[in-house]
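Quick note: the sequence shown, position 156, residue 156 per full-length UniProt numbering, numbers continuous. Everything on this sheet refers to the single structure shown next.
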Amino acid sequence: MLETKVCIIGAGPGGATAALQLSALGIECVIIDKAVFPRDKVCGDGLSGKVFTTLSKIDKEMAGRLQQFTDKLGSWGVTFVSPGRLGIDIAYKTRYDRSVDDPAGYVCKRIHFDHFLVSELKRKKDIRLFEGVNIEKYELQEDGYLVSDREGRFSVKAGLLIIANGAHSSFTKDVANIRMDPSCYAAGVRAYFKHVKGTHPDNFIELHFLKQLLPGYMWIFPLPDGQANVGMDMISETVRGKKINLRTLLMDTLKNDPVFRERFEDAEIIGKVEGYGLPLGSKKRKLSGCRYMLVGDAAHLIDPLTGEGIGNAMYAGRLAALQAEAAIKSGDYSAGALMAYDNEVYRILGPELKLSRRLQRLARFPRLFNIAMRAGRHNRELKELISCMFYEVDLRKKLSRPSFYVKLLLNRK
Ligand SMILES: Cc1cc2nc3c(=O)[nH]c(=O)nc-3n(C[C@H](O)[C@H](O)[C@H](O)COP(=O)(O)OP(=O)(O)OC[C@H]3O[C@@H](n4cnc5c(N)ncnc54)[C@H](O)[C@@H]3O)c2cc1C
């Protein structure tokens, strides 16, 4: 049996970030993943600024290595398409020069991005990484947690657990008692394609708010080598209620919709359409308890409007590591002491999650969307506002105020 101060379950973005931050603090840890890397994860593959912010806070050189990483593609903006099929191109920066400016967003296949993080783990001597081990048993003892695989062949005793094993975490369900709520959960599917026509020359990501998906959307995210990640997501409650098969809906849309039919006429699918769940941070949950903290999808922290979960998982992973340091110093691993982690996560991510939840409710109304888009084409301020929607929380606030839409209606052409 191995012994460690901190054991992290899951080496995705959340768990890997926690381990890297612990190492930067000089705290040894064990991190276990059931997969052997490089491994795939169903995702849109969109990386926001939060990813670089977090890595820079831990180690600037590591952020630099990601900057140099060639398997990702820089994106300079976003194309929004309203339910009425009105498109609006919005650059992240009003003026940019691709030869000198860094892009604000990237798209990187998770098989590559997660492997980048795991290769960073392997550079650190105080991080013991175990791949191909499925942790299924958790036993709380007086002085720590004993975790093991089903047969008990692999076991670790740790003072503290960081649970970062994703959307299907049994720990989240059975120990933390957080159940899947279909109104706060989305279903998503994605497929890789090559030869998609009509993508933006500056690699804008595309969000198509198709009427039947609201408040979810269909996306086309350009990737290196002329490939694209194409997918859609929808609230699970609607998927269940209307008995929708999202895989079929995606392929039917690409085949039958007049716009996509043309753009995908020469496209070739690489592999197949894959699906996975998105546990949304639509409501506040208890993220910690005696000797454990939940991180990332295991903590239901995905942005309910944008579907962004990688950056949030990395933020939470870093905060969990900082809290672990405090617990080790004080020797206090009680539920009461670890509540400080919940407070910090919700202090930082709470306001934007709350806003996104409000906007997600508004996004259910296609007419409102169409009006906002039509107005946005002629209104510079609104254009800038929409462009910052996915990055700047303060500006998102404006979008969630009913008065904003009243003004738009009054100014409508
Ligand atoms: C269709 C779709 C599109 C998305 N698009 C985007 C996007 O474009 N941008 C974005 O930011 N987010 C997106 N997300 C959300 C994003 O994928 C997640 O929020 C993110 O992966 C969360 O990271 P994590 O580290 O918490 O969990 P994960 O990435 O799921 O990692 C969990 C790890 O735990 C391991 N594990 C699981 N169980 C065990 C076990 N019992 N023992 C040991 N190891 C275990 C797994 O093998 C895995 O490596 C999307 C999600 C979906 C489903």
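Backbone N, C-alpha and C fix where the C-beta goes; we use that ideal spot for every residue, glycine too.
Practice item. Check whether the Cβ atoms of Leu129 and Lys137 lie closer than 8 Å to each other. Key: no
Check your understanding: So Leu338 is in the alpha helix (DSSP H); what residue range does that whole segment cover?
Key -> Ala335 to Ile348
Check your understanding: Between Gly166 and Asp33, what straight-line distance do the alpha-carbon atoms span, to the nearest angstrom?
Key -> Approximately 11 Å, taken between the alpha carbons.
Exercise for review: With distances taken Cα to Cα, identify the nearest neighbour of Ser155 among Glu344, Gly46, Glu325 and Ile9.
Suggested key: Ile9
**Study point:** Cβ-heavy atom distance, Arg358 to ligand 1, below 7 Å
**Key:** no
Check your understanding: So what's Leu129 in DSSP terms, helix, strand or just coil?
Key -> strand
Practice item. Examine the Cβ distances between the region 146-164 and the region 318-332 and report whether three or more of them are shorter than 8 Å. Key: Touching, per the Cβ criterion.
Check your understanding: With Lys50 and Tyr217 assumed to form a contact (beta carbons below 8 Å), what rounded beta-carbon distance in angstroms separates them?
Key -> Actually they do not touch by this definition, with Cβ atoms about 20 Å apart.
Exercise for review: Determine the DSSP secondary structure at Val100, reduced to helix, strand or coil.
Suggested key: coil
Point to revise | Entirely enclosed alpha helix (DSSP H) segments - the region 236-260, minimum 4 residues | key: 236-241 and 246-256
Review point. When the distance is taken between beta carbons, is Tyr346 closer than 8 Å to Leu319?
Key: no
Review point. Cβ of Leu278 versus every heavy atom of ligand 1: is any distance shorter than 7 Å?
Key: yes
Check your understanding: For Asp33, which beta-bridge partners are listed by DSSP?
Key -> Answer is Glu131, bridged to Asp33.
Point to revise | Per-residue burial, residue 428 [other beta carbons within 10 Å of its own, 16 or more giving buried] | key: The structure shown does not extend to residue 428, since the chain is modelled only from 1 through 413, so no value can be given for it.
Practice item. Using beta-carbon positions only, say whether Tyr106 and Ser148 come within less than 8 Å of one another. Key: Contact: no.
Review point. Do three or more CB pairs link the region 191-208 to the region 236-243 at distances below 8 Å?
Key: no
Practice item. Consider the C-beta atom of Gly14 and the heavy atoms of ligand 1; say whether any pair is separated by less than 7 Å. Key: yes
**Study point:** Terminal residues of the beta strand (DSSP E) in which Ser148 lies
**Key:** Gly144 to Ser148
Review point. Helix, strand or coil for Asp71 per DSSP?
Key: coil
Check your understanding: Can you pull the DSSP bridge partners for Thr4?
Key -> Ala158
Check your understanding: Would you call the region 352-359 and the region 295-309 touching, i.e. three or more CB-CB distances under 8 Å?
Key -> The region 352-359 is in contact with the region 295-309.
Check your understanding: First and last residue of the alpha helix (DSSP H) that includes Thr53?
Key -> Gly49 to Ile58
Practice item. Express the C-alpha separation of Val118 and Asp126 in angstroms, rounding to a whole number. Key: 14 Å
**Study point:** DSSP-derived helix/strand/coil call for Ser169
**Key:** coil
Review point. Any chance the CB of Ile302 is under 7 Å from a heavy atom of ligand 1?
Key: yes
Check your understanding: So is Leu140 buried or exposed if we call it buried at 16+ other beta carbons inside 10 Å?
Key -> exposed
Check your understanding: Taking the DSSP output, what are the residues bridged to Thr306?
Key -> Paired residues: none, contrary to the question.
Check your understanding: Do Glu131 and Val36 have their C-beta atoms within less than 8 Å of each other?
Key -> yes
Check your understanding: Looking at Val196 and Ile220, is the spacing between their C-beta atoms short of 8 Å?
Key -> Taking C-beta atoms as the reference points, Ile220 and Val196 count as a pair closer than 8 Å.
Practice item. Would you tell me roughly how many angstroms separate the C-alpha atoms of Arg285 and Asp97, rounded to the nearest one? Key: 43 Å
Check your understanding: Can you tell me the Cα-Cα spacing of Gln67 and Phe52, whole angstroms?
Key -> Annotation: Gln67 to Phe52 spans about 8 Å, alpha carbon to alpha carbon.
Check your understanding: When every heavy atom of ligand 1 is checked, does at least one fall within less than 7 Å of the C-beta of Gly105?
Key -> no
Check your understanding: Is it buried or exposed for Phe69, if we count other Cβ within 10 angstroms and need 16 for buried?
Key -> exposed
Exercise for review: Evaluate Ser330 with the Cβ neighbour count: other Cβ atoms within 10 Å of its Cβ, from every protein chain shown; 16 or more gives buried, anything less gives exposed.
Suggested key: When all chains shown are included, Ser330 counts as exposed.
Check your understanding: Should Leu55 and Ala63 be called a contact, given that it needs their Cβ atoms to be closer than 8 Å?
Key -> yes
Point to revise | Separation of Lys283 from Arg358, as counted between CA atoms | key: 11 Å
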